[in-house]
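>
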Amino acid sequence: MAVQTPSVQPAAPVAVTAQPPRRRSRTRLTAIRFARNRTALFGLLMLALLFLMAYVAPLFYKWSYTDLDFNAFQQPPSASHWFGTDQTGSDLFALTARGMQKSLVIGLLTGVICTVVAAAVGASAGYFGGWTDRGLMWVVDLLLVMPNFLIIAVLSPLFQGTTWLVFVVLLAAFSWMITGRVVRSMTLTLKDREFVKAAKYMGVPAPVIIFRHILPSMASMLIIDGTIQVGTAIIGETSLSYFGFGVQAPDVSLGTVIATGTPAAPSFPWLFYFPAGCLVLICLSIAFIGDGLRDALDPNSSRAKARKNRKSPEGPTT
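All residue numbers for the sequence shown refer to the numbering used here, where the first residue is 13 and numbers rise by one.
Here's what the structure looks like:
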């Protein structure tokens, strides 16, 4: 009698469900795209070094911007005076660092104020419409046709002896109008979207809809505009201070330092080229950072597509 052994069936393969890839947050994706941009990283590093030069280096430097060295008049750069001295014996490195402090703070504050005012006015005009839109746009058109440089130059002497924050307000008051128009145009499109209508039907107040739903949808544009406004404000402050309408003595800014060294530039070039070079580096680094933020916040930019195509070449066609 033959004994039949049962055949051993191979075990059925266990189906392994593929885990969905973890989604990265928008902030992390923006940081990754920004980190891939070498030009933007270079601008960020250069701006950080300029901030260290303006705020940290004076703490360890033996000369202050108010000190006078009566044994060194218009001396070239040396170990004792890194950027040399001017005709009064003031240390140029200390003056430049102090001027950078003022220019950077004024530029940052002006940029933030301009972006906030433009966002609030433009979004309100586009969302409410009607008389609110016409009244706010009338103010915008009026400020656009006014010669802001001349108005600030005329008003600045009236506030001599007061805080320099008044100068920030004057700069910001004439720098937000174009951005406000852009925000208004984007708001006219966004207020017809489904999520805005749903919030309106649920009884959400209009200010909450504007600041919680509409403005976050254009955050990338506002961030980029803020960086541009910072660079523009620094140039504007320097120009006004150069002509004597900005920061007043005994305080200094990059504009006043450059204006003092300009007449002596042919004979004593360090009086002009060191502060002017710092101004160029500040504006250049801010421009690099703004360009990097634009590419990082816009995945459809040409640079982002170029990097994506280089990393994923096409396979062989069949």
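The beta carbon of each residue, even a glycine, is placed where N, CA and C say it ideally should be.
Quantities reported herein were computed from a predicted structural model and do not represent experimental measurements.
Measure the C-alpha to C-alpha separation of A47 and L53 and round it to an integer number of angstroms.
The residue you call residue 47 lines up with position 35 of the sequence shown. The residue you call residue 53 lines up with position 41 of the sequence shown. Cα atoms of A47 and L53: separation of roughly 7 Å, rounded to the nearest angstrom.
> Considering just the uninterrupted stretch of the alpha helix (DSSP H) at F286, what are its terminal residues?
Taking the sequence shown and counting its residues from 1, the one referred to as residue 286 is at position 274. Its alpha helix (DSSP H) spans residues 282–309.
> Below 8 Å between beta carbons: does that hold for G101 and L80?
Along the sequence shown, read from residue 1 onward, the residue named residue 101 stands at position 89. Along the sequence shown, read from residue 1 onward, the residue named residue 80 stands at position 68. For G101 and L80, yes; Cβs fall inside 8 Å.
> Do you know offhand how far S251's Cα is from W94's?
Against the sequence shown, residue 251 aligns to sequence position 239. Against the sequence shown, residue 94 aligns to sequence position 82. When rounded, the distance between both Cα atoms is 26 Å.
> Report buried or exposed for S197, applying the criterion of at least 16 other Cβ atoms within 10 angstroms of its Cβ.
In the sequence shown, residue 197 corresponds to position 185, counting from 1. S197 is exposed by the Cβ-count criterion.
> Does the Cβ of L61 lie closer than 7 Å to at least one heavy atom of the ligand HEM?
Judged by which ligands are present, the structure shown has none, so any question about the ligand HEM falls away.
> Considering T174, what are the terminal residues of the alpha helix (DSSP H) in which it resides?
By one-based count along the sequence shown, residue 174 stands at place 162. Note, T174: premise wrong, no alpha helix (DSSP H); not H, not E.
> In angstroms with no decimal places, state the Cα-to-Cα distance between L12 and T97.
Here the chain comprises residues numbered 13 to 330, so residue 12 is not present and cannot be evaluated.
> In the DSSP output, what is S102 paired with across the bridge?
Numbered from 1 along the sequence shown, position 90 holds the residue referred to as residue 102. Answer is L80, bridged to S102.
> Less than 8 Å between the CB atoms is what I'm expecting for W143 and V259, so what's the real figure, rounded?
Locating residue 143 in the sequence shown gives position 131, counting from the first residue. Locating residue 259 in the sequence shown gives position 247, counting from the first residue. Contact check for W143 and V259: beta-carbon distance about 40 Å, past the 8 Å limit, so the pair fails to qualify.
> Short of 6 Å in beta carbon distance, which residues of its chain neighbour L148, apart from the five on each side in sequence? Order them along the chain.
Taking the first residue of the sequence shown as position 1, residue 148 is located at position 136. Closer than 6 Å at Cβ, skipping near neighbours: V133, A137.
> Within its chain, find whatever has a CB closer than 6 Å to the CB of E326; leave out the 5 residues flanking it on each side and keep chain order.
Residue numbering aside, residue 326 sits at position 314 when the sequence shown is read from its first letter. With a pLDDT of only 49 at E326, under 50, the local geometry of the prediction cannot be trusted, and the value read off the model is given with reservation. The answer is none, since no qualifying residue turns up.
> With a CB to CB cut of under 6 Å and the five nearest residues on each side skipped, what residues in its chain are close to I118?
Working through the sequence shown from its first residue, we reach residue 118 at position 106. Around I118: V180, E249.
> What did DSSP end up calling T97 once you bin it into helix, strand or coil?
The sequence position of residue 97 within the sequence shown is 85, counting from 1. Strand, per DSSP.
> For the stretch 122–202, which segments carrying the alpha helix (DSSP H) assignment without a break, of at least 4 residues, lie completely within its bounds, in sequence order?
142–157, 160–167, 177–185, 189–202
> Any contact of the stretch 121–130 with the stretch 238–246, i.e. 3+ C-beta pairs under 8 Å?
yes
> Determine the extent of the alpha helix (DSSP H) in which I226 is found, giving its start and end residues.
As a working mapping, residue 226 is identified with position 214 in the sequence shown. Unbroken run through I226: none, as it is neither H nor E.
> Straight-line CA distance for F140 to D303?
In the sequence shown, counting from the first residue as 1, residue 140 sits at position 128. In the sequence shown, counting from the first residue as 1, residue 303 sits at position 291. Distance between the alpha carbons of F140 and D303 is about 33 Å.
> Put K74 into one of helix, strand or coil per three-state DSSP.
For the purposes of this step, residue 74 is taken as the residue at position 62 of the sequence shown. Correct three-state label for K74: coil.
> So, L104 versus L293, is the Cβ gap smaller than 8 Å?
For the purposes of this step, residue 104 is identified with residue 92 of the sequence shown, where counting begins at 1. For the purposes of this step, residue 293 is identified with residue 281 of the sequence shown, where counting begins at 1. The answer is no: Cβ separation not under 8 Å.
> Assign A259 to one of three DSSP states: helix, strand, or coil.
In the sequence shown, the residue the question calls residue 259 occupies position 247. Residue identity check: residue 259 is Val in the sequence provided, not Ala. Coil, per DSSP.
> Please tell me whether L359 and S229 are closer than 8 Å, where the distance is taken between their beta carbons.
Because the chain here runs from 13 to 330, residue 359 falls outside it and cannot be looked at.
> Between the alpha carbons of I301 and T51, how many angstroms are there, rounded?
In the sequence shown, residue 301 corresponds to position 289, counting from 1. In the sequence shown, residue 51 corresponds to position 39, counting from 1. The straight-line gap from Cα to Cα measures roughly 8 Å.
> Suppose contacts are defined by Cβ-Cβ distances below 8 Å. Is I226 in contact with A135 by that definition?
Looking up residue 226 in the sequence shown gives position 214. Looking up residue 135 in the sequence shown gives position 123. Going by C-beta atoms, I226 is nearer than 8 Å to A135.
> I believe Q113 touches A276 by the beta-carbon criterion, under 8 Å. Please report the beta-carbon distance rounded to the nearest angstrom.
Within the sequence shown, numbered from 1, the residue matching residue 113 stands at position 101. Within the sequence shown, numbered from 1, the residue matching residue 276 stands at position 264. Not really, about 24 Å apart at Cβ, beyond 8 Å.
> Are the Cβ atoms of L182 and L162 separated by less than 8 Å?
Numbered from 1 along the sequence shown, position 170 holds the residue referred to as residue 182. Numbered from 1 along the sequence shown, position 150 holds the residue referred to as residue 162. No; because the gap between Cβ atoms is not below 8 Å, this pair is not in contact.
> Does the distance from the C-beta atom of A84 to that of A109 stay below 8 Å?
Within the sequence shown, numbered from 1, the residue matching residue 84 stands at position 72. Within the sequence shown, numbered from 1, the residue matching residue 109 stands at position 97. In this structure, A109 does not lie closer than 8 Å to A84 by Cβ.
> Do L59 and S297 have their CB atoms nearer than 8 Å?
As a working mapping, residue 59 is identified with position 47 in the sequence shown. As a working mapping, residue 297 is identified with position 285 in the sequence shown. Cβ atoms of L59 and S297: closer than 8 Å.
> Do the CB positions of A131 and L200 come within less than 8 Å of each other?
Locating residue 131 in the sequence shown gives position 119, counting from the first residue. Locating residue 200 in the sequence shown gives position 188, counting from the first residue. No, these two residues do not count as a Cβ contact at 8 Å.
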